[in-house]
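Note sheet for the following structure.
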Amino acid sequence: MNISGPRVPKQARALLDGQKKVSTYEATGGEVTAQFASHNIGLLPSIAPGSVIHDNACGSGTVSRLILSSNPSSDIKIHATDVDQPFLDKLQEDATKNDWPIEVANQKSESLSFPDNFFDLSVTNIGIIFFGAAGLDGAKEIHRTLKPGGVAVVNCWERITWLMPILNVHTVFRTGKPFPAPVINWADGQHLQKIMVEAGFSKDKMRIEKSDAWAKTRDLRGWAEKSWAYLAGIGGWIESDEEKWDEEVDLLAKVLKEQGGTKEVDGEAFVESVRLSQRAHQGPPLRAPTATHWIGPVYSTSPIFPLSSFKTPAETVCIADRTEIPSTNETTSAAVGLAWDSAADWEV
Ligand SMILES: C[S@@+](CC[C@H](N)C(=O)[O-])C[C@H]1O[C@@H](n2cnc3c(N)ncnc32)[C@H](O)[C@@H]1O
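In full-length UniProt numbering, the protein residues as written are 1 to 348.
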């Protein structure tokens, strides 16, 4: 994300400087990537004792934290790598405090320091799209470092629901400045599959599957502000962004709210979601029924911003199993694909 440079508005810097970037991310996109990770890990066999695991492009350790919360054998080892130091610092801090079996390192996923055939499980949760050569350089390293018989899980966004609203606000406030179009279409999973094959995994047993997730907030404007701070730099900050900050955020909140899939759950509807979590937690009522926004739009009917094809944020996941063929000593892969739909299960 573009969070440095003279034009970054002070309001964005206040949300992104140093460690603040981590909590800003965790409160917005990170909440959704955590749901993807949770589902993907839940689909794998339980972690075998002694497993060596790679949390690749780990951020602040979404995947590592989920794995550790499943009470794995105490002799597993997780290597968590990323290039964004504030995220690594946060993970290191918690790992040290809790004595977690994690080694944290600043490493580019395209040039990992690990030896060949090192990991039993390699998880790249919403990271591959950032890797060089359209993901291929990272995929090759995933294949190289995975043991024969190991499992790799790699996923990418199918759609980021709030990106179109951000584009809309960009268009209104940054007249004539184009918003960069993605150069690669990751949406249908074809590209993900292609690079995994080029990296050495074999296609015949590989399946690409999907899952959905929802972001949820009680403070839509606050959520919009964090998202604008984190993502509006994609379109390039301009000088007036600082002065117009409140208007931009207000508009983003409005566009998000007007999307068909963003539901303000109040009264009865909110009670229903409490009831759902009540079943899960067996506890007392959770909170007073104040407004809650679910951001997972399906379609917009807004007359001001005629948006189309808005859907829930979704991922495409590729789970590949690297298997050695003993007779030729070549490697191939088997992949299992699994499908699920989490939107209805989202808990308070
Ligand atoms: C969307 S975040 C996902 C973080 C985490 N895996 C999660 O599930 O929340 C993408 C991460 O990829 C990292 N990243 C981007 N390019 C990278 C690269 N070339 N090598 C390693 N990490 C990279 C970013 O720093 C960021 O933490």
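Even for Gly, the Cβ is constructed at its ideal location relative to N, Cα and C.
Problem set entry | For residue 27, three-class secondary structure by DSSP | If DSSP states are grouped into helix, strand and coil, residue 27 belongs with the helices.
For this session: State buried or exposed for residue 165, treating a residue as buried only when at least 16 other CB atoms are found within 10 Å of its CB.
Result: Answer is buried; the Cβ neighbour count reaches 16.
For this session: May I ask whether a heavy atom of ligand 1 can be found less than 7 Å away from the beta carbon of residue 109?
Result: It does: the Cβ of residue 109 is within 7 Å (strictly closer) of some heavy atom of ligand 1.
For this session: Report whether the distance from the Cβ of residue 63 to the nearest heavy atom of ligand 1 is below 7 Å.
Result: Taking the Cβ of residue 63 as the reference point, at least one heavy atom of ligand 1 falls within a distance shorter than 7 Å.
For this session: May I ask whether a heavy atom of ligand 1 can be found less than 7 Å away from the beta carbon of residue 133?
Result: Because no heavy atom of ligand 1 lies under 7 Å away, the Cβ of residue 133 does not count as near it: no.
Exercise. From residue 23 to residue 123, what distance separates their C-alpha atoms?
Worked result: Cα-Cα distance, rounded: 22 Å.
Problem set entry | Beta-bridge pairing of residue 122 - partner residues as DSSP gives them | Answer is 54, 152, bridged to residue 122.
Problem set entry | Cα-Cα separation, residue 81 to residue 233 | So the alpha carbons of these two residues sit roughly 24 Å apart.
Problem set entry | Anticipated Cβ contact below 8 Å, residue 247 with residue 241, distance rounded | Not confirmed; about 10 Å, so no contact.
For this session: Can you give me the start and stop residues for the alpha helix (DSSP H) that residue 361 sits inside?
Result: The chain is shown only over 1 to 348; residue 361 falls outside these bounds and no answer can be derived.
Exercise. Does the Cβ of residue 99 lie closer than 7 Å to at least one heavy atom of ligand 1?
Worked result: Every heavy atom of ligand 1 is 7 Å or more from the Cβ of residue 99, so no.
Exercise. So, do the segment 162 to 182 and the segment 138 to 149 have three or more beta carbon pairs nearer to each other than 8 Å?
Worked result: Counting Cβ pairs under 8 Å, fewer than three are found: no touch.
Exercise. Buried or exposed: residue 73, going by 16 or more other Cβ atoms within 10 Å of its Cβ?
Worked result: Classification for residue 73: exposed.
Problem set entry | Segment contact, 8 Å Cβ cut-off, at least three pairs: the segment 109 to 116 with the segment 177 to 186 | These segments do not touch.
Exercise. According to the neighbour-count rule (16 or more other Cβ atoms, all chains shown, within 10 Å of its Cβ), is residue 304 buried or exposed?
Worked result: Unreliable placement is indicated for residue 304, whose pLDDT of 31 sits below 50; the coordinate value is still reported in the next sentence. Its Cβ having fewer than 16 others within 10 Å, residue 304 is exposed.
Exercise. Is the beta carbon of residue 225 sitting closer than 8 Å to the one on residue 7?
Worked result: A distance of 8 Å or more separates the beta carbons of residue 225 and residue 7.
Exercise. My guess is that residue 50 and residue 76 are in contact by the Cβ rule of under 8 Å, so how many angstroms apart are they, rounded?
Worked result: Yes, residue 50 and residue 76 are in contact; Cβ-Cβ is about 7 Å, under 8 Å.
For this session: Give, in chain order, every unbroken run of the beta strand (DSSP E) that is at least 3 residues long and sits entirely within the segment 176 to 240.
Result: The qualifying runs are 208 to 212, 215 to 217.
Problem set entry | Coarse secondary structure for residue 48, derived from DSSP in three states | Coil at residue 48, not helix or strand.
Exercise. Do residue 137 and residue 130 have their C-beta atoms within less than 8 Å of each other?
Worked result: The beta carbons of residue 137 and residue 130 sit no closer together than 8 Å.
For this session: Kindly examine ligand 1 and report whether one of its heavy atoms sits closer than 7 Å to the Cβ of residue 253.
Result: The answer is no for residue 253.
For this session: In angstroms with no decimal places, state the Cα-to-Cα distance between residue 28 and residue 215.
Result: Cα atoms of residue 28 and residue 215: separation of roughly 7 Å, rounded to the nearest angstrom.
Exercise. If we ignore side chains and look at the alpha-carbon of each, how far apart do residue 251 and residue 78 end up?
Worked result: Each residue's Cα considered, the two are about 42 Å apart.
For this session: Mind checking who residue 104 pairs with in its DSSP beta bridge?
Result: For residue 104, the pairing in a beta bridge is given by DSSP as 80.
Exercise. Taking DSSP as the reference, what is the three-state secondary structure of residue 244?
Worked result: Three-state DSSP puts residue 244 in coil, outside helix and strand.
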